[in-house]
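Protein sequences, first through last, are from chains A and B.
Take any residue in the first sequence, note its place counting from 1, add 131, and you have its number in the working numbering.
Take any residue in the second sequence, note its place counting from 1, add 131, and you have its number in the working numbering.
All residues carry an ideal CB built from backbone N, CA and C; glycine is no exception.
The structure appears right after this line, and notes come after that.
2 protein chains.
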Amino acid sequence: MTQDAFSKTPITTASDQVFVDMRREIVEGTIEQGSKISEPELAKRYGVSRATLREALNRLESCYLVERKANVGCRVVALTAERLIEVYEVRSALEGLACRLAADNMAADEVQSLKQLLNQHLQTQRVKEGESYYQEAGDLDFHYRIIKGSKNDHLIHLLSNGLYQLIRMYRVQMGMVGPRVSKAFDEHLAIINAIESHDGELAELLMKRHISASQANVQNKFDLLAAQKSAVNK
Amino acid sequence: MTQDAFSKTPITTASDQVFVDMRREIVEGTIEQGSKISEPELAKRYGVSRATLREALNRLESCYLVERKANVGCRVVALTAERLIEVYEVRSALEGLACRLAADNMAADEVQSLKQLLNQHLQTQRVKEGESYYQEAGDLDFHYRIIKGSKNDHLIHLLSNGLYQLIRMYRVQMGMVGPRVSKAFDEHLAIINAIESHDGELAELLMKRHISASQANVQNKFDLLAAQKSAVNK
DNA sequence: TTCTCTAAGATTGTCGACAATTAATGACTA
DNA sequence: TAGTCATTAATTGTCGACAATCTTAGAGAA
Numbered sequence: 132m133t134q135d136a137f138s139k140t141p142i143t144t145a146s147d148q149v150f151v152d153m154r155r156e157i158v159e160g161t162i163e164q165g166s167k168i169s170e171p172e173l174a175k176r177y178g179v180s181r182a183t184l185r186e187a188l189n190r191l192e193s194c195y196l197v198e199r200k201a202n203v204g205c206r207v208v209a210l211t212a213e214r215l216i217e218v219y220e221v222r223s224a225l226e227g228l229a230c231r232l233a234a235d236n237m238a239a240d241e242v243q244s245l246k247q248l249l250n251q252h253l254q255t256q257r258v259k260e261g262e263s264y265y266q267e268a269g270d271l272d273f274h275y276r277i278i279k280g281s282k283n284d285h286l287i288h289l290l291s292n293g294l295y296q297l298i299r300m301y302r303v304q305m306g307m308v309g310p311r312v313s314k315a316f317d318e319h320l321a322i323i324n325a326i327e328s329h330d331g332e333l334a335e336l337l338m339k340r341h342i343s344a345s346q347a348n349v350q351n352k353f354d355l356l357a358a359q360k361s362a363v364n365k
Numbered sequence: 132m133t134q135d136a137f138s139k140t141p142i143t144t145a146s147d148q149v150f151v152d153m154r155r156e157i158v159e160g161t162i163e164q165g166s167k168i169s170e171p172e173l174a175k176r177y178g179v180s181r182a183t184l185r186e187a188l189n190r191l192e193s194c195y196l197v198e199r200k201a202n203v204g205c206r207v208v209a210l211t212a213e214r215l216i217e218v219y220e221v222r223s224a225l226e227g228l229a230c231r232l233a234a235d236n237m238a239a240d241e242v243q244s245l246k247q248l249l250n251q252h253l254q255t256q257r258v259k260e261g262e263s264y265y266q267e268a269g270d271l272d273f274h275y276r277i278i279k280g281s282k283n284d285h286l287i288h289l290l291s292n293g294l295y296q297l298i299r300m301y302r303v304q305m306g307m308v309g310p311r312v313s314k315a316f317d318e319h320l321a322i323i324n325a326i327e328s329h330d331g332e333l334a335e336l337l338m339k340r341h342i343s344a345s346q347a348n349v350q351n352k353f354d355l356l357a358a359q360k361s362a363v364n365k
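Here is the structure:
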C-alpha cells in the first residue's frame with residue numbers, strides 16, 4: 132500500500148488519497164493560492180462524492196492550507212508577507228525546541244546517518260550548483276530528521292502534519308533558489324555538530340538563526356514581487 | 132447567536148454545536164479519556180446524523196482531543212505522564228514566544244486591563260483560598276490575554292484552538308488545586324511587569340519558568356496517582 | 001444613476017441508506 | 001484444551017438527495 136511521504140501514515144481510504152493529492156496541488160500552486168474551492172467541481176474532478184471531498188477539506192484545514200467559513204465555503208490560503216512572518220516566528224520557536232531536544236535524544240547512529248546525508252547533499256550541490264534541489268527535498272529532509280530526532284511525538288506531529296506543508300508552499304511558490312544554497316549547507320553542518328556534542332542550547336540557537344536567514348530569503352522574494360507590481364502599475 | 136468561548140467564533144451549524152458540546156464533555160471527563168467513541172451511539176445522543184457527528188470528530192481530532200484510525204474508529208485521547216511532558220514542552224516554547232511578542236505588541240490599555248484582571252484575581256483568591264477557580268478560569272484568562280497580545284494570528288490560533296483544550300483537560304481531570312495558587316499569582320505579576328516595560332527576553336524567560344512550575348504540579352499529581360495504584364495492587 | 005428590495009440560482013449543511021472493512025462468535029482440528 | 005479458520009454481526013467509509021443558507025441578477029423607487 133502507498134503511504135504519505137510526510138506523515139508516514141498509510142493511505143487507505145479514498146479521502147486519504149484526495150487529501151494527499153489536493154495537498155500537493157495546493158502546495159505546488161496547481162490549485163491557485165487564495166482561490167475559492169467549489170465542492171461539487173472538485174468532487175467531480177477527483178471522482179468522489181462530496182462527503183469524501185469534505186473529509187479531505189477538513190484535514191487540509193487542520194494543516195492550514197485552506198480556510199473555511201460556515202455556509203460560505205472553502206478558500207485556499209493566501210500567501211502574504213504578514214502571514215509569512217507569523218508562520219516563521221512559530222516555526223523558529225518549534226524547530227528551535229526540536230533541535231534542543233534532538234541534542235539530548237537523537238541516537239548516535241541517527242546523527243551519523245544525518246551527517247552522511249549532508250555529505251551526499253554536498254555532492255549533489257556541487258553538481259547542480261544553484262538549483263533548487265537542495266532547498267526542496269534536501270533541506271526539508273534535514274529538518275525532518277532533526278524534528279524526528281526530538282522524539283517528542285506531539286511536536287513531530289505538529290510540525291510534520293501541521294506547519295510544514297504551509298512552509299513548503301511558501302518556498303515552492305516563491306521559488307527559492309540561488310546563493311543561499313551553500314550558506315545553508317554550512318549552517319546545517321554547524322547544527323549537526325552541536326547536536327553531536329549534545330549541546331542543546333547551541334543547537335537551538337543555531338537552528339533559530341538558520342530559520343531566520345531562511346525567512347529573510349523568502350521575505351526578499353516578496354519585496355521583489357511587490358516592487359515589480361508597483362512598477363507595472365505606474 | 133451564541134459563540135465559542137475559546138475561539139470566539141460564532142456557532143452557526145449543528146456540527147459547531149456538537150463540536151463545542153463534545154469538547155466540553157471530553158475536557159471535563161464526562162466522556163472518559165481513552166474511551167472508544169461509537170459514531171451511531173453519539174449521533175443518537177446529540178440528535179444529529181452521523182455525517183454531522185463525523186464533522187465534529189474531525190475538528191476534535193485537529194485539536195488533539197480524539198485520535199482516529201482508518202476503518203477502526205475514534206478514541207478519546209488518553210492522559211499519560213509521557214504525553215503531558217511532550218505537550219508542556221511545546222506549550223512552553225509557544226507561550227514563551229507569545230510572551231516575548233506581547234512585550235512588543237501589546238497595547239498600553241491591554242496591559243492595564245490585564246493588571247486590573249490580576250488585582251481582581253487577588254481579591255477572589257483571598258476569598259476562596261485554595262480553591263480551583265484561579266487555576267481554571269482565572270489563570271487561563273491570563274494566559275489567553277497574553278497570547279492574544281502577541282498579535283500573531285497563527286500563534287493565537289495554534290494555541291487557542293489547538294493546544295489549550297488538551298492542556299485544560301489535563302488540569303481539570305488531574306484536579307489542580309492547592310498551594311500553587313498564590314505562587315502562580317506572583318509569577319503572573321512578574322510577567323506582566325516585564326511586558327509592561329517591553330522586556331521581551333525577560334517576559335519569555337519568566338513565562339517559560341511559570342509553565343515549567345505548572346508542569347511540575349501536574350506531574351506530581353500523576354506520580355501520586357501512580358503511587359496509589361501500585362499500593363492498591365499489592 | 002444609484003440604492004434597495006425581491007426572487008431565482010447556486011452552494012453548503014444535513015440526512016438516511018448502502019458498500020467495504022473490521023471485530024466477534026462459534027465450529028472445527030490438532 | 002488450545003489454536004485456527006469461517007461466518008456473522010457491528011462499525012466505519014462513501015454515496016446521492018434534500019433542506020437551509022448565501023450570492024447574484026434584476027426590477028422598481030428615490
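Would you mind sorting B/Q134 into buried or exposed? The rule is 16 or more other CB atoms within 10 Å of its CB.
-> Looking up residue 134 of chain B in the second sequence gives position 3. Exposed, since its Cβ has fewer than 16 Cβ neighbours within 10 Å.
Have a look at B/V149 and B/H252 and give me their C-alpha separation to the nearest angstrom.
-> In the second sequence, the residue the question calls residue 149 of chain B occupies position 18. In the second sequence, the residue the question calls residue 252 of chain B occupies position 121. In a straight line, the C-alpha of B/V149 is about 32 angstroms away from that of B/H252.
Near B/A325, which residues of its chain fall below 7 angstroms by C-beta distance, leaving aside the five closest residues on each side in sequence?
-> Numbered from its first residue, the second sequence carries residue 325 of chain B at position 194. So the qualifying residues of the chain are A234, L333, A334 and L337.
My guess is that A/F137 and A/Y301 are in contact by the Cβ rule of under 8 angstroms, so how many angstroms apart are they, rounded?
-> For this step, residue 137 of chain A is matched to residue 6 along the first sequence. For this step, residue 301 of chain A is matched to residue 170 along the first sequence. Their Cβ separation, rounded to whole angstroms, is 16 angstroms, which puts A/F137 and A/Y301 out of contact at 8 angstroms.
Is there contact here, the stretch 272–285 of chain A with the stretch 275–285 of chain B, by at least three beta-carbon pairs under 8 angstroms?
-> no
Would you check if the stretch 202–215 of chain B and the stretch 232–250 of chain B touch, i.e. whether three or more CB-CB distances between them fall below 8 angstroms?
-> no
So, is the C-beta of B/E220 closer than 7 angstroms to a C-beta in chain A?
-> The sequence position of residue 220 of chain B within the second sequence is 89, counting from 1. Yes, contact with chain A.
Apart from the five residues on each side of it in sequence, which residues of its chain come closer than 8 angstroms, Cβ to Cβ, to B/S180?
-> Here residue 180 of chain B corresponds to residue number 49 of the second sequence, with the count starting at 1. So the list reads A174, once near-sequence residues are dropped.
Cβ neighbours of B/H319 in the same chain (closer than 7 angstroms, five flanking residues each side left out) = Taking the second sequence and counting its residues from 1, the one referred to as residue 319 of chain B is at position 188. Only L249 and F273 meet the Cβ criterion.
Count the CB pairs spanning the stretch 218–231 of chain B and the stretch 216–235 of chain A that are closer than 8 angstroms, and state whether there are at least three.
-> yes
Where B/K352 and B/M305 are concerned, what is the direct C-alpha to C-alpha distance, given to the nearest angstrom?
-> Residue mapping note: residue 352 of chain B aligns to position 221 of the second sequence, counting from 1. Residue mapping note: residue 305 of chain B aligns to position 174 of the second sequence, counting from 1. Approximately 7 angstroms, taken between the alpha carbons.
Assuming B/L191 contacts B/M153 under a Cβ cut-off of 8 angstroms, what Cβ separation, rounded to an integer in Å, is found between them?
-> Translated into the one-based positions of the second sequence, residue 191 of chain B becomes position 60. Translated into the one-based positions of the second sequence, residue 153 of chain B becomes position 22. About 6 angstroms; that satisfies the 8 angstroms criterion.
Does DSSP put B/V349 in a helix, a strand or coil?
-> Residue mapping note: residue 349 of chain B aligns to position 218 of the second sequence, counting from 1. Helix at B/V349.
Round the Cβ separation of B/V218 and B/L297 to the nearest angstrom and send it over; I've been treating them as touching at under 8 angstroms.
-> Position 87 of the second sequence, counted from the start, is the residue given in the question as residue 218 of chain B. Position 166 of the second sequence, counted from the start, is the residue given in the question as residue 297 of chain B. That pair is a contact at about 6 angstroms.
Based on the DSSP output, what are the partners of B/V207 in its beta bridges?
-> As a position in the second sequence, residue 207 of chain B is number 76, starting the count at 1. Answer by DSSP bridge pairing, in chain order: B/V197.
Straight-line gap, B/S345 to B/S313 (C-alpha atoms, nearest Å) = Here residue 345 of chain B corresponds to residue number 214 of the second sequence, with the count starting at 1. Here residue 313 of chain B corresponds to residue number 182 of the second sequence, with the count starting at 1. Taking the straight line from one Cα to the other gives about 12 angstroms.
C-alpha distance - B/N189 paired with B/D147, whole-angstrom precision | Your numbering for residue 189 of chain B matches position 58 in the second sequence. Your numbering for residue 147 of chain B matches position 16 in the second sequence. Near 11 angstroms, if we compare the C-alpha coordinates of B/D147 and B/N189.
Do you know how far the Cα of B/I142 is from the Cα of B/H285?
-> Position 154 of the second sequence, counted from the start, is the residue given in the question as residue 285 of chain B. Position 11 of the second sequence, counted from the start, is the residue given in the question as residue 142 of chain B. About 21 angstroms.
If we cut at 7 angstroms on Cβ distances, does A/A224 have a partner in chain B?
-> Position 93 of the first sequence, counting from 1, holds the residue named residue 224 of chain A. True, the Cβ-Cβ gap to chain B drops below 7 angstroms.
B/R176: buried (16+ other C-beta within 10 angstroms of its C-beta) or exposed?
-> One-based indexing of the second sequence puts residue 176 of chain B at position 45. Exposed, because fewer than 16 other Cβ atoms sit within 10 Å of the Cβ of B/R176.
What residues from the stretch 273–299 of chain B come within 7 angstroms of chain A, judged by C-beta to C-beta, listed N to C?
-> N283, D284, H285, L286 and L289
How is A/K282 classed by DSSP in three states: helix, strand or coil?
-> Numbered from 1 along the first sequence, position 151 holds the residue referred to as residue 282 of chain A. Residue state, collapsed to three classes: coil.
Which word fits A/S361, buried or exposed, when buried means at least 16 other C-beta atoms lie within 10 angstroms of its C-beta?
-> As a first step, residue 361 of chain A must be located in the first sequence, where it is residue number 230. Result: exposed.
Please check the pair B/A201 and B/L290, which I expect to be a contact at CB under 8 angstroms, by giving their CB distance rounded to whole angstroms.
-> Here residue 201 of chain B refers to the residue found at position 70 when the second sequence is read from its first residue. Here residue 290 of chain B refers to the residue found at position 159 when the second sequence is read from its first residue. B/A201 to B/L290, Cβ: 29 angstroms. No contact.
Which class does A/K167 belong to by DSSP, given the choice of helix, strand or coil?
-> Here residue 167 of chain A refers to the residue found at position 36 of the first sequence. It is a strand residue.
Which residue from B/G160, B/A145 and B/T140 puts its Cα closest to that of B/R299?
-> Within the second sequence, the letter at position 168 stands for residue 299 of chain B. Out of B/G160, B/A145 and B/T140, B/G160 has the C-alpha closest to the C-alpha of B/R299.
So, is the C-beta of A/N189 closer than 7 angstroms to a C-beta in chain B?
-> If you number the first sequence from 1, residue 189 of chain A lands on position 58. Chain B, which has a Cβ nearer than 7 angstroms to the Cβ of A/N189, makes this yes.
Tell whether a beta-carbon distance below 7 angstroms holds between A/I162 and A/E156.
-> Residue 162 of chain A sits at position 31 when you count from the first residue of the first sequence. Residue 156 of chain A sits at position 25 when you count from the first residue of the first sequence. Yes. Within cutoff.
Pull out every residue of the stretch 313–334 of chain B whose Cβ sits closer than 9 angstroms to any Cβ of chain A, in chain order.
-> none
Rounded C-alpha distance that separates B/Q140 from B/H288 | Along the second sequence, read from residue 1 onward, the residue named residue 140 of chain B stands at position 9. Along the second sequence, read from residue 1 onward, the residue named residue 288 of chain B stands at position 157. At residue 140 of chain B the sequence reads Thr, which differs from the Gln that was named. Rounded to the nearest angstrom, the two C-alpha atoms are 11 angstroms apart.
Since A/A212 is in the alpha helix (DSSP H), which residue starts that stretch and which ends it?
-> Counted from its first residue, the first sequence places residue 212 of chain A at position 81. Looking at the DSSP string, the run of the alpha helix (DSSP H) that includes A/A212 is A212 to N236.
Go to B/R150, then tell me how far its alpha helix (DSSP H) extends in each direction, as first and last residue.
-> For the purposes of this step, residue 150 of chain B is taken as residue 19 along the second sequence, with counting starting at 1. A small correction: the amino acid at residue 150 of chain B is Phe; Arg does not occupy that position in the sequence shown. That run of the alpha helix (DSSP H) goes A145 to E159.
State yes or no: is the beta carbon of B/A233 nearer than 7 angstroms to at least one beta carbon in chain A?
-> The residue given as residue 233 of chain B occupies position 102 in the second sequence. Closer than 7 angstroms: no.
Taking B/V242 and B/I323 to be in contact with their CB atoms under 8 angstroms, please state how far apart those CB atoms are, rounded to whole angstroms.
-> For the purposes of this step, residue 242 of chain B is taken as the residue at position 111 of the second sequence. For the purposes of this step, residue 323 of chain B is taken as the residue at position 192 of the second sequence. Confirmed, Cβ separation roughly 7 angstroms.
Chain A within 7 angstroms of B/T133, Cβ atoms only | Locating residue 133 of chain B in the second sequence gives position 2, counting from the first residue. No, B/T133 lies away from the interface with chain A (no Cβ there is under 7 angstroms from its Cβ).
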